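Colleague: Let me begin by handing over the structure; questions about it come next.
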Amino acid sequence: MTDRRRLVVLDPEDLRPLPLRPPARIDEDPEEWDDDHFHDQCGIFAIFGHSEAANLAYLGLHALQHRGQESAGIVTSDGRQLFAHRAMGLVADAFSQEQLGQLPGRLAIGHVRYSTAGGSHLKNAQPFAVDYARGSLAVCHNGNLTNADEVRAELEGRGSIFQSTSDTEVLVHLVAMSNQVSIEDRVCDALARVQGAYSLLFLTEESIVAVRDPMGIRPMCLGVLPGSRGDKGRTGGRDAHVVASEPTAFDLIGADFVRDVDPGEMVIIDETGIRSLHLPKSAEQRMCAFEYVYFARPDSRIGGRSVYEVRKLLGQRLAEEHPIDADVVIPVPDSGVPAAIGYAAARGIPFEMGLIRSHYVGRTFIEPQQAIRHFGVRLKLNPVEPVLRGRKVVVVDDSIVRGTTSRKIVKMVRDAGAREVHLRISSPPTQWPCYYGIDTPTRRELIASNHSIEEVARYVTADSLGYLSLEGMLTAISGESGRPNAYCHACFSGDYAIPFSVTNRRQMRLVGV
Ligand code: SF4
């Protein structure tokens, strides 16, 4: 059913840019191009039982690079001790062949990070590795512990000394302080003290422990490199087990996807094989819906569903809710492509690439060059004029965060000669910040949190603007036999499954109090 509340059509006479804060003029917009998205925070990867564990972890992290670009790290074990290397930057820049060669062993865990809790410093790069009374331990984390500040304050009050500002470090202390003997019992002890979203990897000298929070907010999956598959020299003829945030990491190293790690499941891998146990069950499961909308790679399967197919369905559903007759449908590349294909197919309108993205411009190019920052949009995207000139154009994007990028895109398409520009968004209005391990602006900065859809349409200067409804998004994500209530949608609805703490200043700053 069409939800007209999420569609606004503006009178052409009323297409004056609406001045909101920020910005004043598009050319003076201080916002960076890349910043108008929620940013995923981390990708994690583990391998057990391969003599080239570090090299395979390097490749696995490379396939997860879209989940974090600020720092990368790998810790390996040779069965007696741990070896670590962490550095700022992309995976390809963080490791040389020589550095990988200094990471021996058949066990490895790795991490790519986009800072959320804690700042952007090498000291916060993961995995963390420590020696403690019972041996060595490394840990890496995708997610955010919502009560980390409170636990940290308590531990500091009892004499613990922290090396980083990351929430993950409290887990290291909690595991080290546990009175239990086995690593799985120590991890269970530690997790009983924390709340929040986590997909975690622990590495000891002899084992890897992978665990996903009871609500399953952040993704995690299991794979295998069969020992029978021509790599016997490196696996000893036994299966090598792999764990990753997304199965795309398996594709690159020739491993097979086995299954998702269940919400609340702990998987222990050691010389005896692979086994699992379950944490106390949560009453509800809340997989992050935004993984399907934007975070995950389209060639991934999350929760048993193809991300690419789900994004096409989001576009189809969007077309049903907010149809329009137009000459052409174009995506905002790359993330808007599958939804635009779905929208175009549902409406029988030609799909074209009206904007071309440059893949060779990164943050390091734009950030130091204040004087040319206003060229940022053209550096990232360029219009294809023959596709746009004189046309009535539907532009499909995955989300609007601050609105600054959407406004630039609409202007770019119009300047290239489009007769009308109609913006369609394959998710509901993003109105709330995320506390579960995603880098989000404060609530005040989210344009949809304090402006009507008509105001947003006027701000981005689109002829019309239509957002997918929450019901439409959840129906597309969950599929015909799915469970639409099994997803976190707090950033769209404000329905937080794990409440944020009103005494936590960091969290209250996000919500704007
Ligand atoms: Fe994902 Fe949004 Fe929930 Fe955060 S609040 S976990 S981004 S759906």
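Residue numbers (my numbering): 27 to 539.
For glycine and all other residues, C-beta sits at the position ideal for the given N, C-alpha and C.
Computed from a predicted model, the values in this text were never measured in an experiment.
1. From what residue to what residue does the alpha helix (DSSP H) around Lys-437 run?
2. Using DSSP with H/G/I as helix, E/B as strand and the rest coil, what is Gly-249?
3. Ordered along the chain, which non-local residues of its own chain (more than five positions away) have a Cβ less than 7 Å from that of Ser-326?
4. Out of curiosity, what's the CA-to-CA distance linking Ala-80 and Arg-219?
5. Measuring alpha carbon to alpha carbon, tell me which residue in Thr-431, Gly-368, Ser-384, Tyr-386 is nearest Glu-378.
6. Does the pairing of the stretch 171–189 with the stretch 115–127 give three or more beta-carbon distances under 8 Å?
7. Using a Cβ-Cβ cut-off of 6 Å (strictly less than) and excluding sequence neighbours within five positions of Leu-227, which residues of its own chain qualify?
8. Looking at ligand 1, does it come within less than 8 Å of Thr-466, judged from the CB to the closest heavy atom?
9. Within a Cβ cutoff of 6 Å, which residues of the same chain sit near Arg-212, ignoring the five residues on either side of it in sequence?
10. What would DSSP say about Ala-269, mapped onto helix, strand or coil?
11. Going by C-alpha to C-alpha distance, which of Leu-278, Arg-440, Leu-163 sits closest to Thr-552?
12. Is Ile-503 a contact residue of ligand 1, with contact defined as CB to any heavy atom under 8 Å?
13. Less than 8 Å separating the Cβ of Gly-183 from some heavy atom of ligand 1?
14. The beta strand (DSSP E) with Thr-102 in it runs from where to where?
15. Between Gly-263 and Ser-425, what straight-line distance do the alpha-carbon atoms span, to the nearest angstrom?
16. Taking 8 Å as the limit between beta carbons, can you name the residues of its chain near Arg-244, skipping five residues before and five after?
17. So what's Leu-407 in DSSP terms, helix, strand or just coil?
18. When DSSP labels each residue in this structure, what does Ala-275 get in the three-state scheme?
19. Alpha carbon to alpha carbon, what distance is there between His-137 and Met-241?
20. Assuming Cys-166 is part of the beta strand (DSSP E), what are its boundary residues?
21. Which residue's Cα is closest to the Cα of Ala-118: Arg-106, Glu-446, Cys-517, Leu-87?
22. Taking Arg-470 as the reference, give the member of Val-486, Gly-492, Gly-429, Glu-480 with the closest Cα.
23. Closest to Leu-148 by CA distance: which of Glu-297, His-111, His-92 is it?
24. Please report the straight-line C-alpha distance between Val-198 and Ala-83, rounded to a whole angstrom.
25. Check whether the Cβ of Ala-315 sits closer than 8 Å to any heavy atom of ligand 1, and report yes or no.
Modeller: Result, derived from the coordinates:
1. The residue given as residue 437 occupies position 411 in the sequence shown. Counted as a single uninterrupted DSSP element, the alpha helix (DSSP H) harbouring Lys-437 occupies residues 430–441.
2. The residue labelled residue 249 in the question sits at position 223 within the sequence shown. Gly-249: strand per DSSP, three-state reduction.
3. Locating residue 326 in the sequence shown gives position 300, where the first residue counts as 1. Contacts found: Glu-272, Pro-273, Thr-274, Val-333.
4. If you number the sequence shown from 1, residue 80 lands on position 54. If you number the sequence shown from 1, residue 219 lands on position 193. Cα-Cα distance, rounded: 32 Å.
5. Within the sequence shown, residue 378 is the residue found at index 352, counting from 1. Closest by C-alpha distance to Glu-378, out of Thr-431, Gly-368, Ser-384, Tyr-386, is Gly-368.
6. Using a Cβ-Cβ distance cut-off of 8 Å, the stretch 171–189 and the stretch 115–127 are not in contact, since fewer than three pairs of beta carbons, one from each stretch, lie closer than that value.
7. By one-based count along the sequence shown, residue 227 stands at place 201. Spatial neighbours of Leu-227 in its own chain (CB-CB distance under 6 Å, excluding positions within 5 residues in sequence) are listed in chain order as Ile-70, Ala-72, Ile-135, Cys-166, Ala-236.
8. Mapped onto the sequence shown, residue 466 falls at position 440. For ligand 1, at least one heavy atom lies less than 8 Å from the Cβ of Thr-466.
9. Locating residue 212 in the sequence shown gives position 186, where the first residue counts as 1. Cβ neighbours of Arg-212 beyond the five flanking positions: Val-201, Ser-204, Gln-206.
10. Within the sequence shown, the letter at position 243 stands for residue 269. Strictly speaking, residue 269 in this sequence is Val, with Ala absent from that position. Of the three classes helix, strand and coil, the one that applies to Val-269 here is strand, per DSSP.
11. Residue coverage of the chain in this structure runs from 27 to 539, which leaves residue 552 outside it and unanswerable.
12. What you label residue 503 is simply residue 477 of the sequence shown in a count that begins at 1. Closer than 8 Å to some heavy atom of ligand 1: that does not describe the Cβ of Ile-503.
13. Here residue 183 is taken as the residue at index 157 of the sequence shown, counted from 1. Outside the cutoff, so no.
14. The sequence position of residue 102 within the sequence shown is 76, counting from 1. Residues 97–103.
15. Counting from one through the sequence shown, the residue named residue 263 turns up at place 237. Counting from one through the sequence shown, the residue named residue 425 turns up at place 399. Straight-line Cα distance between these residues: approximately 47 Å.
16. The residue given as residue 244 occupies position 218 in the sequence shown. Hits under 8 Å: Asn-168, Gly-169, Ala-223, Tyr-224, Ser-225, Arg-238, Ser-271, Cys-314, Tyr-462, Gly-463.
17. Locating residue 407 in the sequence shown gives position 381, where the first residue counts as 1. Under the three-state reduction of DSSP output, Leu-407 falls in the strand class.
18. For this step, residue 275 is matched to residue 249 along the sequence shown. Helix, per DSSP.
19. If you number the sequence shown from 1, residue 241 lands on position 215. If you number the sequence shown from 1, residue 137 lands on position 111. Cα to Cα, Met-241 sits roughly 22 Å from His-137.
20. For the purposes of this step, residue 166 is taken as residue 140 along the sequence shown, with counting starting at 1. Looking at the DSSP string, the run of the beta strand (DSSP E) that includes Cys-166 is 161–171.
21. Reading the sequence shown from its first residue, position 92 is the one you call residue 118. Among Arg-106, Glu-446, Cys-517, Leu-87, the Cα nearest to that of Ala-118 belongs to Leu-87.
22. One-based indexing of the sequence shown puts residue 470 at position 444. Nearest of Val-486, Gly-492, Gly-429, Glu-480 to Arg-470, Cα basis: Gly-429.
23. Here the question's residue 148 lines up with position 122 in the sequence shown. For the options Glu-297, His-111, His-92, the alpha carbon positioned closest to that of Leu-148 is the one of His-111.
24. For this step, residue 198 is matched to residue 172 along the sequence shown. For this step, residue 83 is matched to residue 57 along the sequence shown. So the alpha carbons of these two residues sit roughly 22 Å apart.
25. Against the sequence shown, residue 315 aligns to sequence position 289. Yes, ligand 1 has a heavy atom inside 8 Å of this Cβ.
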